[in-house]
Structures are given as C-alpha cells and as structure tokens.
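In the working numbering, the protein residues as written are 4 to 357.
Ideal Cβ positions, reconstructed from N, Cα and C, are used throughout, including at glycine.
On a predicted model such as this, the values are computed, not experimentally measured, just so you know.
Here is the structure we will look at.
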Amino acid sequence: DGQLITTGGTFAPTIRYNNGTFYIITTYADTFLPFEQNSFIFTTVDIFSNNWTQPMYLDQAGIDGTMYLNTGCPVSGPEGGISTIWQSKLCLTTGHSLTQPKLIYRSSLPAAIRLKTSMAHTSSAARRSQARVDGWPFANGGKLITFDMQDPNLPSQSNVSNILVHNFLSPSLQLGWEFRGTPSRPWWRIENNSLVLRGTVATLSALDGMALVLRKQDALFHDFSVDMSFSPTLPTHEAGIVAWVNDLYHNTISLVRCQDQTNATCLRTLTTVGERGGEFDGNTTTIYYPLPTGLSNTTQSTSAANVRLHIRATPETYQLGYSMPSDNATTWLTAYTASWMAPHYESRISWQGA
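Shown next as structure tokens:
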C-alpha cells in the first residue's frame, strides 16, 4: 500500500503462556507489502516486571500470528495471509522455520477473513463457532443491531462518565497519546505543565512528519478540549485540534491568520464530507470566524490568543467550538454528521480514527 508506507505499524499482538514463560507474537509492518512485514516473538517470566527479551524475528511470512505451544522445540505458528491461514513449525531458540508453510484455511470470500469494523478487525468468523443461516454468520438472533440494546447479562446501571484531565506534570507523555509515524525530530516538549508543539512544514494530509499528537476516542459520547495559546505570524501558520479519520478525511478547529491581509488572528473550521461515493465525497468546507472581543485579535497585536477549543462527539453528530478563558460557556461553530467519521478505505487497508 503506497499510501501508508510509513505507518504500517504493529499488527495483532497475541499473548501466550507456557511452562512459566509468557510469549507475545506480533508483526511489524514497514508497509503492507508481504516482504516488508516481519513477525517476531519476545518473552518474559514476569509479565509485570517490564523485563522482556529482545525481539526474535521469524522466517515465516504473513501477519496476525498466533502460537500453539508444545513442549520445547518445535512450536507451530500459523500466520495470516490474504484470505488464507498458513501454519508452520518453528524453533523458539532461533525463530527459524522447521517446516514449509502449510495452508490450513482458505476463505470463500474475496477479501480478508476478518470482519472489518471501526477498529480494523476485532474477530474472525473463521476462528470461532457461530450460528449461521445460509452459510452467513447470524448475530443478535436476527434482530436489528443498534447503539442501545438490552442484554440481561450486562449490569443494569447506566454508563459512568469518565473525566480525564492532562496537566502534563510528567516530563514525558503518558500512555494513550500517540503519533502519526515516529517523530524524526524533536518537535514537541513538555514545559511549564504544558505540551509545546513546534510546527513543521508537513500538513495534516501528509503521511507523517506533521506536529500531531493523537488520542483515541474511546466512547460514543466524547468531549475533548484543549487550552491553547498561539500567535500565527504567517498565513501558513496553524494550531488547533482535529477529529481525525485519516490523511484524507479530518475535521479541524484552529487558530490561523485571518484572510483580510491583516495581522489579526481568526478561528477556522475545516470539515471534509465523507459519504463514501456520494455526490460530495471528499469536498472540504472552510469557514473563518473573527475572535471575540477580549482575545488577541487587533490588527497590530503580536501577543498570543488564548482560547479553549472543543470537539463534542455523539453517535449522530460531531461539533467544533470554542470558549473563552475561565468561561464554561461553549460557542459551537459548526456541526457535521457522525457518518463522516466512518472508515474510508479508498481501495486500501487503513487503520484510523482518533
């Protein structure tokens, strides 16, 4: 996949335990080309010790590996392929294959065996028992699958709201923050309880290299806000927050220079329509908004504008807005349907959503 060369990432880590040792098998993919995908194993005897062996790379090609552990060597390890599962025996001391790969499953579908969801894949119809009708998996008793469904096996209490506040008290980013590709230069730092980003020439449409820190949306109802201080001095300067789908589809609210040839700072929203294959697929709407009185928006001002930027997500709608410092009232500038945040494969594999 030429579109995501630098962001193949690590695929489907699987943990196993045998005879006092924990094993993790996973695949690192420089790209989606088979010869640039490398599976490896690393181990520990204490899973809480943070003391793991160095990766031991395997001969076997493919992705999404798992292991069937026998006593000693050899060990069998099936590896995925396009619509197929292959199995070979390998030695845990060297990672070398001891047998030629054997085909053990071929999907009848003209695609990958997994069920594609918003998280790329969560389960495989080929690897589990499942009620079927006319050969197809049959879920939820044939009833409509909706956001809200009754299940007597689940707790009756409502979902509990979790509020997560990051004040950047630690000198390093906490778990949960991630980058688009590995940063090639130090464009971010934590200073004075703030995350400071130094902009790069790469835009959000680049494959990597942009000054972008992401966090997964982990709930259907999700509020995200950032207290920001920024003073753009060139038309190309921008700082803001983004509801990210991928490099082609992302929706932002940011601080930029106004379009009136002055030094004034404006808010700007940018939304990309995402109905796959529809009339407006890929169209982008850009709107500029003058900053309200009280923020740094005079034509001669060089001080930074201080504002809190907001993204509010619900199952039906996403909203972009802002609020003044020390003010709880949010002004919502634009909204768009949540379907615009659905995965867009564009004839390629794409892990996305943040």
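| query | Thinking just about the alpha-carbon of each residue, which of ASN196, THR206, ASN21, VAL310 is nearest to the one in ASP250? | reply | THR206
| Exposed or buried, which one is ILE50 when buried takes at least 16 other CB atoms within 10 Å? | exposed
| said: For TYR20, list the residues DSSP reports as bridge partners. | reply: PHE25
| query | When the Cα of ASN365 is compared with those of GLY23, TRP190, LEU223, which residue comes out closest? | reply | The structure shown does not extend to residue 365, since the chain is modelled only from 4 through 357, so no value can be given for it.
| request: Using DSSP bridges, identify the partner residues of PHE45. | output: ILE27
| Do the region 231-243 and the region 173-189 meet, that is, are 3 or more Cβ pairs less than 8 Å apart? | no
| With C-beta atoms as the reference, is THR320 less than 8 Å away from SER326? | no
| request: Decide if GLU194 is buried, meaning its Cβ has at least 16 other Cβ atoms within 10 Å, or exposed. | output: exposed
| query | Would GLU241 be called buried (16 or more neighbouring beta carbons within 10 Å of its own) or exposed? | reply | buried
| request: Assign TYR20 to one of two classes, buried (16 or more other C-beta atoms within 10 Å of its C-beta) or exposed (fewer than that). | output: exposed
| query | Taking the alpha-carbon positions, what's the ALA214 to LEU178 distance? | reply | 18 Å
| message | Buried or exposed, going by whether 16 or more other CB atoms sit within 10 Å of the CB of PRO40? | response | Before going further, note that residue 40 is Gln rather than Pro in the sequence given. So GLN40 counts as buried.
| Can you tell me where the beta strand (DSSP E) with ARG109 in it begins and where it stops? | 105-109
| query | Taking the alpha-carbon positions, what's the PHE14 to LEU176 distance? | reply | 23 Å
| query | Which of the three DSSP states, helix, strand or coil, is assigned to ALA338? | reply | strand
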